[in-house]
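Residue numbers (this note's numbering): 12 to 436.
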Amino acid sequence: MNDWSARDIQKWEYVPLGPLTSKNFATTISPWVVTPMALEPFRCETSAARQGDGGFDDLPGSCGDPVPLEYLRDPNYGSYDVNLSVSLRPSASPGKHTQICQSNLKNMYWSSTQQLVHHSVTGCLMNPGDLLASGTISGKEQHSFGSMLELSWKGSRDVVLDGGEVRKFLKDGDAVIMRGWCKKDSCDRVGFGECSARVLPANPFPYDYHDCVRLDSNQKTDQRFTKFKLHGSIKSSFTRQVCIALSVKGISYETEHENSSAKEVLVDDAMKNPMYHMPSLEFLDRRQAVEITQSLPIIEFLEASFPDQGGRLFPVEPLTLVKVKEVAAILNSPVHPFGGAEEYFEKEAMKKRLSLVEDILSQYHSPLHDNVVGSFAFGLFGPTLADVCIVPQLQDARVLGIELEKICPVLLSIEKVCNQNPWFR
12 MNDWSARDIQ
22 KWEYVPLGPL
32 TSKNFATTIS
42 PWVVTPMALE
52 PFRCETSAAR
62 QGDGGFDDLP
72 GSCGDPVPLE
82 YLRDPNYGSY
92 DVNLSVSLRP
102 SASPGKHTQI
112 CQSNLKNMYW
122 SSTQQLVHHS
132 VTGCLMNPGD
142 LLASGTISGK
152 EQHSFGSMLE
162 LSWKGSRDVV
172 LDGGEVRKFL
182 KDGDAVIMRG
192 WCKKDSCDRV
202 GFGECSARVL
212 PANPFPYDYH
222 DCVRLDSNQK
232 TDQRFTKFKL
242 HGSIKSSFTR
252 QVCIALSVKG
262 ISYETEHENS
272 SAKEVLVDDA
282 MKNPMYHMPS
292 LEFLDRRQAV
302 EITQSLPIIE
312 FLEASFPDQG
322 GRLFPVEPLT
332 LVKVKEVAAI
342 LNSPVHPFGG
352 AEEYFEKEAM
362 KKRLSLVEDI
372 LSQYHSPLHD
382 NVVGSFAFGL
392 FGPTLADVCI
402 VPQLQDARVL
412 GIELEKICPV
422 LLSIEKVCNQ
432 NPWFR
């Protein structure tokens, strides 16, 4: 198990309290459940061999450690010979990884039995399936130190990787791979599987806009999709949604729209876009020309085609994802005017859409909601497709003269946060 530690928080709290809140933001575990019965052939002494002098009088010599309290004394004190390794794979070299640590479970002074007893001695209930971890497993030699803090000796030493890169602490994009296994000639190998995860930048969620590799629409690349060109009206909220999504993914593109005062002039093309306000995106699928119309299908295509480039607009959690798509569908629903009353119906429909979305999101921004953590739509730390649809719709609502403060104060607070994010500039 990798109990990730936030470096700066740990430095702040670990003297004198020890690391606690620095470890509560991420945990990675390997896939296999290995029973104590499977480990029994690999029983061994710990590196300490014994604990304290009292209660172990039959053992020669003195270890010099204090005697554990009675509830911690284990007549079967020992460990398992579990080999442990940690490798680091930098983002710049995705195919290469360097082993930076080699340790063993027997380096733990306290056994798992003692840790469980101590954890529960004051009344903490334990249930099957509860997850506990041993803590950092470090040996006496430098190569067996079990954390970057120790390997770099608080940042004073370089940890040299294959290929010449150096680390003192992890960097964005680094992957950490932990492995554990037992092996000896008299029995079969027992493995714990690979415990692997990659560090992503923190702001804005979940990628840093400034670190995003921008894909030039005309550059030679191994990308399947290239040479993007956006057709639409900059006065259309749907076109602006696609502009934001392209910015999120860091994709350069050519533009055509009718606002001659804009830096990049777009001209609506009725032949390519008969729906007028619905944008269309042209690009090459290798050598084949492709066109997609309407903002939501375009954005879904960008998200699916460039999952690891730029930011993400679709949450992973299934219920939140569905709610994000629900808001997007409401805000992008078409207006059906009657006779010459197009502007009236557009204004009333806009008010109705914004009111519906306000009702949905108000509960997520209530102090009583359990999952409120951030200021974007659905209480998240970063923008999603919902935010991408909200901001242009509010801009259009102002053009129509709608008094937004009365009908959607929550949406206005979300808009304010979005406008501080570089994706929306």
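We put the beta carbon where it would ideally sit given N, CA and C, even for glycine.
These figures come from a predicted structure and were not determined experimentally.
Same chain, Cβ closer than 8 angstroms to residue i, neighbours up to 5 away in sequence not counted
{"i": "residue 327", "result": "none"}
{"i": "residue 310", "result": "252, 253, 256, 324, 396 and 399"}
Nonlocal neighbours in the same chain, by C-beta distance under 6 angstroms from residue i, ignoring five residues either side
{"i": "residue 101", "result": "176 and 185"}
{"i": "residue 189", "result": "13, 97 and 206"}
{"i": "residue 68", "result": "With a pLDDT of 47 at residue 68, under the threshold of 50, the modelled position of that residue is not reliable, and the figure given next carries that caveat. There are no such residues."}
{"i": "residue 53", "result": "91, 92 and 193"}
{"i": "residue 198", "result": "52"}
{"i": "residue 202", "result": "192"}
Check whether residue i and residue j have beta carbons under 8 angstroms apart
{"i": "residue 248", "j": "residue 406", "result": "yes"}
{"i": "residue 259", "j": "residue 181", "result": "no"}
{"i": "residue 148", "j": "residue 435", "result": "no"}
{"i": "residue 369", "j": "residue 411", "result": "no"}
{"i": "residue 302", "j": "residue 316", "result": "no"}
{"i": "residue 126", "j": "residue 142", "result": "no"}
{"i": "residue 296", "j": "residue 387", "result": "no"}
{"i": "residue 83", "j": "residue 128", "result": "yes"}
{"i": "residue 113", "j": "residue 155", "result": "yes"}
{"i": "residue 191", "j": "residue 313", "result": "no"}
{"i": "residue 10", "j": "residue 307", "result": "Given a span of 12 to 436 for the chain in the structure shown, any question on residue 10 remains unanswerable."}
Residue i - DSSP class collapsed to helix/strand/coil
{"i": "residue 193", "result": "strand"}
{"i": "residue 377", "result": "coil"}
{"i": "residue 13", "result": "strand"}
{"i": "residue 238", "result": "strand"}
{"i": "residue 296", "result": "strand"}
{"i": "residue 220", "result": "Model confidence at residue 220 stands at a pLDDT of 42, short of 50, so the residue's coordinates are unreliable; what they give is reported in the following sentence. Residue state, collapsed to three classes: helix."}
{"i": "residue 118", "result": "helix"}
{"i": "residue 198", "result": "strand"}
{"i": "residue 45", "result": "coil"}
{"i": "residue 266", "result": "strand"}
{"i": "residue 387", "result": "coil"}
{"i": "residue 435", "result": "helix"}
{"i": "residue 258", "result": "helix"}
Close Cβ partners of residue i (< 7 angstroms) along its chain, the five nearest in sequence each way excluded
{"i": "residue 124", "result": "85"}
{"i": "residue 331", "result": "389"}
{"i": "residue 171", "result": "177"}
Beta-bridge partners of residue i, as assigned by DSSP
{"i": "residue 95", "result": "114 and 191"}
{"i": "residue 177", "result": "171"}
{"i": "residue 90", "result": "55"}
{"i": "residue 328", "result": "Answer is none; residue 328 lacks a bridge partner."}
{"i": "residue 109", "result": "99"}
{"i": "residue 207", "result": "188"}
Minimum Cβ-Cβ distance from residue i to chain B less than 8 angstroms
{"i": "residue 244", "result": "The structure shown contains no chain B; it is built from a single protein chain."}
Task: Cβ contact (3+ pairs, closer than 8 angstroms) linking the segment 393 to 406 and the segment 425 to 436 - done: yes
Open item on the list: Tell me whether the segment 74 to 88 and the segment 42 to 49 touch, counting them as touching only if at least three CB pairs, one residue from each stretch, are closer than 8 angstroms.
Closed with: no
- [ ] Take every Cβ of the segment 115 to 132, pair it with every Cβ of the segment 161 to 171, and state whether three or more of those distances are shorter than 8 angstroms.
- [x] no
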